[in-house]
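Before any comments, here is the structure.
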Amino acid sequence: MTPKLGDRMSVLLGLAVMATGYLGFSLAGEGWVMLVFIAPFALGSLAMPALRSILSHRVGADAQGELQGAMSSLMSLTAIVAPVFLTQLFGYFTSASAPVYFPGAPFMTAAVLTMGSAVVVAGVLFSRREPVLG
Numbered sequence: 001m002t003p004k005l006g007d008r009m010s011v012l013l014g015l016a017v018m019a020t021g022y023l024g025f026s027l028a029g030e031g032w033v034m035l036v037f038i039a040p041f042a043l044g045s046l047a048m049p050a051l052r053s054i055l056s057h058r059v060g061a062d063a064q065g066e067l068q069g070a071m072s073s074l075m076s077l078t079a080i081v082a083p084v085f086l087t088q089l090f091g092y093f094t095s096a097s098a099p100v101y102f103p104g105a106p107f108m109t110a111a112v113l114t115m116g117s118a119v120v121v122a123g124v125l126f127s128r129r130e131p132v133l134g
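Following our numbering, the numbering of the sequence shown begins with 1 at its first residue and continues without gaps.
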């Protein structure tokens, strides 16, 4: 799909459909609803390769390793922090002390963060000024 859409639109579409999947997961009251939202969530995988392509075109050949290493480091850090944070969020919103019982809170949080990322990425990708990396 990326050759037809282009890298910028692939990133934005990927983030948007991933956020839609997270939103659907957060509101699912039945197990079969989760299955419905797997497809849009899976299409979110369009975003990362397109983002890597955009970024790799914005840095010189001598900085490619640093760029990929930095991106992998950020993804690893997220893989460490997110489960701890989201598990605590789930525990809170399913406890007796929660203001409202909402087991979908971690997925809703992921949807909000993903859409926030899409807004930031859109601002950078469609700005007239080219950001300098590396």
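Heads up, the beta-carbon is just placed ideally off N, CA and C, and yes, glycines get one too.
Here DSSP, grouped into helix, strand and coil, assigns Gly69 to helix.
Annotated three-state conformation of Arg58 is coil, per DSSP.
Less than 8 angstroms separates the beta-carbon of Ser117 from that of Leu15. Annotated as distal: Arg52 and Leu125, with beta-carbon spacing of 8 angstroms or more. If the five residues before and after Met115 are omitted, its C-beta is found closer than 7 angstroms to the C-beta atoms of Ala19, all from its own chain and listed in chain order.
Non-local beta-carbon contacts of Phe37 in its own chain, meaning distances under 6 angstroms to residues more than five positions away in sequence, involve Gly21, Gly24 and Phe25 in chain order.
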